[in-house]
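Numbering-wise, the sequence shown is residues 6 to 111 according to the numbering used here. Report on one structure; see the data block that follows.
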Amino acid sequence: MKDYGTLSQAINKLKLEEGYEHDFNLLDEEIELKAKKETFGVEDFDVDKVLRFEGMSNPDDNAILYAITTSKGYKGVLVDGYGISSGQVSKEMIAKLDLKENRPLN
C-alpha cells in the first residue's frame, strides 16, 4: 500500500503524480465539477481509491478522500468528512461511496 501521508500531501500526490486534476463537490444525489459546470449521478462515476484520515486530537478533523473518474474521463478528488462531520447525501450516493463495497481501501 502506498503511503500518501497527510490529507494535503495525498491530494497533491493524486493530482500531480496520478492525474486526478479536478476538484469535485458532493451534492445530495450527485457530484459536481464546478470548473466544467457539470454534475454526475452515481451511475456516471467510479471511485478508484478511498483514503481515510483521522485527526490526532480533534474528531472534526476526520476526512475521507476519494479519487474519482467520471464517465466523461474527468479524474479528480472529492474530500468529505466522516462521522459527525459527514454530509447529508442520498442512499444511492452513500452506497456508491461506501468504504466496504467492492473497493480497495488505501
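Glycine included, C-beta positions come from ideal geometry on N, C-alpha and C.
Under the three-state DSSP convention, the category residue i falls into
i	result
Leu21	helix
Glu97	helix
Glu43	strand
Glu48	helix
Leu70	strand
CB contact flag (residue i, residue j, <7 Å)
i	j	result
Val82	Leu19	yes
Phe80	Gly24	Per the sequence shown, the amino acid found at residue 80 is Lys instead of Phe. A contact, by the Cβ cut-off of 7 Å.
Ala100	Leu56	no
Beta-carbon contacts of residue i that lie in its chain and below 7 Å, excluding the five residues immediately before and after
i	result
Leu4	Nothing about residue 4 can be reported from this structure: the residues present for the chain run from 6 to 111 only.
Asp28	Gly81 and Val82
Close beta carbons around residue i, own chain, < 6 Å, minus the five adjacent residues each side
i	result
Glu37	Asn30 and Thr44
Leu32	none
Rounded straight-line distance, which links the Cα of residue j to that of residue i
i	j	result
Tyr9	Asp49	26 Å
Glu26	Ala40	11 Å
Lys42	Thr75	14 Å
Leu21	Lys7	15 Å
Same chain only: Cβ atoms within 8 Å of residue i, ignoring 5 sequence neighbours per side
i	result
Glu34	Gly46, Val47, Val94, Ser95, Glu97 and Met98
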